[in-house]
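Encoded as structure tokens, the structure appears first; notes follow it.
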Amino acid sequence: MEGSIYVGTLARYLLTLAMMSLLCLGVYGLLRLGRVREETAAGYALITPWLAGFLVFTAGPILASLGLSFTSYDLFTPPKWVGLENYRWLFSDILDFWPSVKLTLAYAFLSVPLGVAGSLLVALLLSMDIRGIGAFRTIYYLPAVLPEVSVALLWRWIFNSEAGLLNVVLRPLFRMVGLRNPDWFGDPKFVLPAFVIMSIWGIFGINMVVFLAAIKNVPRVLYEAAEIDGAGPLAKFWSVTFPQISPVVLLQVIMGIIGALQIFTVAMFARPTSAAGRFMNQLVYERGFLQLKMGEASAIAWVLFVIILALTLLVFRSSTAWVYYEAEVRK
Amino acid sequence: MRHQAMSRVKTQHSPGATAARILRSLGIHALLLAGATIMLAPFAWMISTSLKDYSEVFTVPIRWIPSRLVWSNYVDAWNEAPFARYFFNSAFVATVTTIGQLVFSALAAYAFATMNFFGREVIFTLFLGTMMIPDQMTLVPNYVLLFRLNWIDTYYALIVPWLGSVFSIFLMRQFFQTIPKELYDAAQIDGCSRFGYLWRVMVPLSRPVFITCGLFTFIGSWNAFLWPLIVTNTDRMRTIQVGLSTFMQEHGTVPTLLMAASTMAIMPVVIGFFFVQRQFIQGIARTGLKS
């Protein structure tokens, strides 16, 4: 019984594929009929499937979400135009909205610099030529592919206030400062540190792999020249390694900011109480998909987008001061 | 490589330098070991918890090795939720997404890389610009669209929106551009069509980039959470990641079962990783921008 569903689905997919090919041929034929150059017709025919998907699932929705943010919409009745009402309501919401903006920004400001510096340090260690480094690299790469969900589930248990690994290990330390088992996701004081601790663990994984690749690409000649000038390890790092990999650092900072501001999965699993604060993306999910307030959800998404854009531009602006592009100096 | 060897020979002349080198390497090893411990401790704890009897979970100090290995936790977890279905859904969705994305991306990248057509630069720039736009901008409208299409809780919803990928097209285009144009001219003289050239020359020459894109797409699709979470609402369609989250809501208070389920979900990825590790790392090194 069940099997026939899959066969049917598969058949439909093959049919879709065939239709797509027909669509491509159709575009080609039409353009040729209109006496368009052969190369142009072929080009458009080939990008048609992708372009259709792009317009329907990316470009269209971006505009639609802006439009929706000015409406009140619950999926079942047609959207009602409310102008700036959603935004006005958000900006006056001191219970949920502002605390979530604060928490999300604070999280990004703490976790991004720590994460980038940390993964750079780990990458530097792994770039050393010593025996057995291959085995270490393999182990250190592993977190790059692990599903966020399983890891988030694991974190939830690690932060358990009664028997979690973290509280048990840190108990002596807590005793010294007169704390009793912090309730990480229930207590407003601990929610931010908890998420920052989790993010620090993220220094292993994909960012580190990218840094390692960048460090390996630095020409050895530069180090030798620096050695001749009597540079120590620290001087070598600041005047050779860092300038050489600074474009990658910039990229990582930007990707880090975008990622941190969009934090969702781990937060969903940790389930911080509303008193402890939630992240902006959690609010988008709650408003949109639990309470079916699509207009409000879109408005929050747009505010988040504007924040991401502003911070990204700010980092780009600052980059002229610390990012080194070889081509620029040469001219 | 050669420079390295030379500098090594140089340092080996003085015994003091050798000692310093050994000491340095010992220090780095110690640091790396410490890092590996911090990184792996959570997983050791996960596996340890998953094999404990419930009564032993809350004992302090921590018992890393359970006094009795309770394998039945895995059986219980497996029976508590349709994990086989979840795994199948994830595998099916990831496979179809990967194949579809490779096909569509290759076609588009081929056009962008080798053909001169009106509007090409404009379209390509516009499309790169959308890389900057965060996913949740499109979340609500896409959901509304699929809701209208009656696609919620179907494989379409899980697969179709992900068939186009900025990342794959960009990567393939970069690679296709490095293939000399003379090859195309030669193929054309031999009577090869545009499509034949893509299929018989470009694709075989670009195997590494296809492997990279395929791997990233598959892993991304397998690990995806937010989108599958909002577009599925029955166990029939849930992927393993979403299934795990509903499992948590139902059995959140039983750490042994939760950790057994989590271990089951992680294991295929870990095993897969050791097989494709080399290609994966080379892929990241090649692109430097996946996140």
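Residue numbers (our numbering), protein chains in the order written: chain Z, 937 to 1267; chain U, 22 to 312. The beta-carbon is built from N, C-alpha and C at its ideal position, and this holds for glycine as well.
Asked: Grouping DSSP H, G and I as helix and E and B as strand, with all else coil, what is residue 175 (chain U)?; Found: coil
Asked: Give a yes or no on whether the minimum CB-CB distance between residue 1198 (chain Z) and chain U is below 8 Å.; Found: yes
Asked: With C-beta atoms as the reference, is residue 1091 (chain Z) less than 8 Å away from residue 1134 (chain Z)?; Found: yes
Asked: Output needed for residue 102 (chain U): all residues of its chain with C-beta closer than 8 Å, excluding positions within five of it in sequence on either side, in chain order.; Found: 256, 264, 267, 268, 271, 282
Asked: Using a Cβ-Cβ cutoff of less than 6 Å, which residues in the same chain neighbour residue 135 (chain U) once the five nearest sequence positions on both sides are dropped?; Found: none
Asked: Roughly how far, in whole angstroms, is the beta-carbon of residue 1146 (chain Z) from the beta-carbon of residue 302 (chain U), given that I think they are within contact range, below 8 Å?; Found: With a Cβ gap of about 10 Å, residue 1146 (chain Z) and residue 302 (chain U) do not count as contacting.
Asked: Give the secondary structure of residue 277 (chain U) by DSSP, where H, G and I count as helix, E and B as strand, and everything else as coil.; Found: helix
Asked: Residue 160 (chain U) and residue 1239 (chain Z) look like a contact to me (Cβ under 8 Å); what is the Cβ gap, rounded to whole Å?; Found: With 8 Å as the limit, residue 160 (chain U) and residue 1239 (chain Z) do not qualify as a contact, their Cβ atoms being about 14 Å apart.
Asked: Looking at the strands, I want to know which residues DSSP matches up with residue 1008 (chain Z).; Found: Z:1016
Asked: Let me make sure I understand the geometry here. Which of U:210, U:187, U:200 has the alpha-carbon closest to that of residue 995 (chain Z)?; Found: U:187
Asked: Quick one: measure Cβ to Cβ for residue 1193 (chain Z) and residue 1215 (chain Z), integer angstroms, because I've assumed they're closer than 8 Å.; Found: Between residue 1215 (chain Z) and residue 1193 (chain Z) the Cβ distance is about 14 Å, and since that is not below 8 Å, they are no contact.
Asked: Establish whether the CB of residue 1064 (chain Z) and some CB of chain U are separated by less than 8 Å.; Found: yes
Asked: Give me the chain Z residues within the contact set of residue 143 (chain U), using Cβ-Cβ distance strictly less than 7 Å, ordered along the chain.; Found: Within chain Z, no residue comes near residue 143 (chain U); the closest Cβ sits about 12 Å away, beyond 7 Å.
Asked: What is the DSSP secondary structure of residue 1260 (chain Z), reduced to helix, strand or coil?; Found: coil
Asked: Can you give the Cα-Cα distance for residue 327 (chain U) and residue 240 (chain U), rounded to whole angstroms?; Found: This structure leaves residue 327 (chain U) out entirely; chain U is present only between 22 and 312.
Asked: Assign residue 974 (chain Z) to one of two classes, buried (16 or more other C-beta atoms within 10 Å of its C-beta) or exposed (fewer than that).; Found: exposed
Asked: Once the 5 residues before and after residue 1188 (chain Z) are set aside, which same chain residues still bring their CB inside 6 Å of it?; Found: 1052, 1143
Asked: Does any CB atom of chain U fall closer than 8 Å to the CB of residue 1181 (chain Z)?; Found: no
Asked: Interface residues of chain U around residue 1201 (chain Z) at Cβ under 8 Å?; Found: 246, 247
Asked: Can you check whether the CB of residue 1205 (chain Z) is closer than 8 Å to the CB of residue 1130 (chain Z)?; Found: no
Asked: What is the residue span of the alpha helix (DSSP H) that residue 236 (chain U) lies within?; Found: 228-244
Asked: By alpha-carbon positions, which one of Z:1196, Z:1190, Z:1021, Z:1141 ends up nearest to residue 1250 (chain Z)?; Found: Z:1190
Asked: Just to make sure I have the definition right: I need the residues of chain Z whose C-beta is within less than 7 Å of the C-beta of residue 136 (chain U). Which are they?; Found: 975, 978, 979
Asked: Near residue 121 (chain U), what residues of its chain come up, given a Cβ to Cβ distance below 6 Å and the 5 sequence neighbours on each side ignored?; Found: 184
Asked: Whole angstroms are fine: how far does the CA of residue 1100 (chain Z) sit from the CA of residue 83 (chain U)?; Found: 10 Å
Asked: On the three-state DSSP scale, how would you describe residue 103 (chain U)?; Found: coil
Asked: Near residue 1260 (chain Z), which residues of its chain fall below 8 Å by C-beta distance, leaving aside the five closest residues on each side in sequence?; Found: 1179, 1180, 1182, 1183
Asked: Could you list the residues in the stretch 1068-1089 of chain Z with a C-beta less than 9 Å from some C-beta on chain U, going in chain order?; Found: 1068, 1069, 1072, 1073, 1074, 1075, 1076, 1077, 1078, 1079, 1080, 1081, 1082, 1083, 1084, 1085, 1086, 1087, 1088, 1089
Asked: Below 6 Å CB to CB, which residues in the same chain sit around residue 69 (chain U) once its five sequence neighbours on both sides are set aside?; Found: 85
Asked: Per DSSP, what kind of secondary structure is residue 298 (chain U) in: helix, strand or coil?; Found: helix
Asked: In whole angstroms, what separates the C-alpha of residue 145 (chain U) from that of residue 1243 (chain Z)?; Found: 26 Å
Asked: Could you work out which residues of chain U lie near residue 1217 (chain Z), taking near to mean beta carbons separated by less than 7 Å?; Found: 157
Asked: Is it the case that the Cβ atoms of residue 126 (chain U) and residue 223 (chain U) are separated by a distance below 8 Å?; Found: no
Asked: Which runs of the alpha helix (DSSP H) spanning at least 4 residues fall entirely within the stretch 1043-1090 of chain Z, listed in chain order?; Found: 1069-1077
Asked: Using the Cβ count rule (16 or more neighbours within 10 Å means buried), how would you classify residue 1228 (chain Z)?; Found: exposed
Asked: What is the rounded straight-line gap between the Cα of residue 1217 (chain Z) and the Cα of residue 189 (chain U)?; Found: 26 Å
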